[in-house]
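Here's the structure we're looking at; comments come further down.
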Amino acid sequence: MPMDRSPYYSSSSDSSPFSSSGSSPAKASTVVLSIECLKGSSKADEWTGDMLQTGDIVEELKIGNLTVKSPFKNGKSGVQRILHNSFKQKQTSIRVRVRRGSDDLAELQACIVPGEQLVGKKQYVLRAIDDPNYAVGFFDRTESECLNLQGTMQRLTFRVWNF
Numbered sequence: 001m002p003m004d005r006s007p008y009y010s011s012s013s014d015s016s017p018f019s020s021s022g023s024s025p026a027k028a029s030t031v032v033l034s035i036e037c038l039k040g041s042s043k044a045d046e047w048t049g050d051m052l053q054t055g056d057i058v059e060e061l062k063i064g065n066l067t068v069k070s071p072f073k074n075g076k077s078g079v080q081r082i083l084h085n086s087f088k089q090k091q092t093s094i095r096v097r098v099r100r101g102s103d104d105l106a107e108l109q110a111c112i113v114p115g116e117q118l119v120g121k122k123q124y125v126l127r128a129i130d131d132p133n134y135a136v137g138f139f140d141r142t143e144s145e146c147l148n149l150q151g152t153m154q155r156l157t158f159r160v161w162n163f
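What follows is the structure, given as structure tokens:
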């Protein structure tokens with residue numbers, strides 16, 4: 001059986017994405033699908049560690065009966081295709097599970113909505129069910145970039161709550 005050698009491929013010799021072992025240089029440069037916060041909550045008291053943050057690594061998408069797990073074929077563009085097809089079929093409810101660090105998980109229940117049009121292509125974003133002001137999109141990053149962003153976000157959150 002041929003093996004996919006795209007940057008989204010994860011070999012069976014890689015450690016589990018949920019393991020607590022340190023990341024190897026090869027794993028740190030692996031391209032993953034990550035969250036990009038586009039618009040934040042309007043209510044400061046709603047910002048919790050459970051909310052998806054820029055740099056969170058997407059592990060799973062559930063849209064209706066469809067479940068897609070990482071690695072995502074063709075990264076962001078492949079996921080945009082899935083979101084587009086789901087939106088056309090009026091399947092707009094989505095549940096996104098992300099990984100933060102080596103084993104912290106967070107989940108968002110959202111609606112798929114059309115976002116801004118970039119270079120002639122419609123981009124779909126997710127709006128939180130419980131706060132329509134909170135919107136996220138997807139971005140291809142290396143795992144090490146995600147971990148750096150997550151560390152930055154944790155320091156900022158700590159400063160805001162302990163100010």
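So for the sequence shown, the UniProt record's numbering puts the first residue at 1; every next one is plus one. We put the beta carbon where it would ideally sit given N, CA and C, even for glycine.
Leaving aside the five residues that flank L66 on each side, none in its chain has a CB nearer than 6 Å to its CB. Between R97 and E60, the gap from beta carbon to beta carbon is short of 8 Å. Contact annotation: F87 and I57 have beta-carbon atoms that are not nearer than 8 Å. Distances from the CA of Y124 to each of L52, V68, S102 and V79 were compared; the closest alpha carbon is that of V79.
In the structure shown, Q117 falls within a strand segment according to DSSP collapsed to helix, strand and coil. When only Cα atoms are considered, Y134 and L52 end up about 10 Å apart. When C-alpha distances from G137 are compared across K39, Q91 and Q89, the shortest belongs to K39. Between L126 and I82, the gap from beta carbon to beta carbon reaches 8 Å or more. Membership of F138 in the beta strand (DSSP E) is indicated by the continuous run A135 to T142. Taken atom to atom, the span from the alpha-carbon of F72 to that of E107 is near 17 Å. When secondary structure is reduced to three states using DSSP, I94 falls in the strand class. The C-beta of G64 has fewer than 16 other C-beta atoms within 10 Å across all chains shown, which makes the residue exposed.
Looking only at A110, I35, D130 and L105, the smallest Cα-Cα distance to G75 is reached by I35. Straight-line measurement puts the Cα of P114 at about 29 Å from the Cα of N148. Going by beta carbons, E143 and T30 fall inside the 8 Å limit.
Note: R127 is bridge-paired with C111 and A135 in the DSSP secondary-structure output.
In the structure shown, S34 adopts extended strand secondary structure according to DSSP, grouped into three states.
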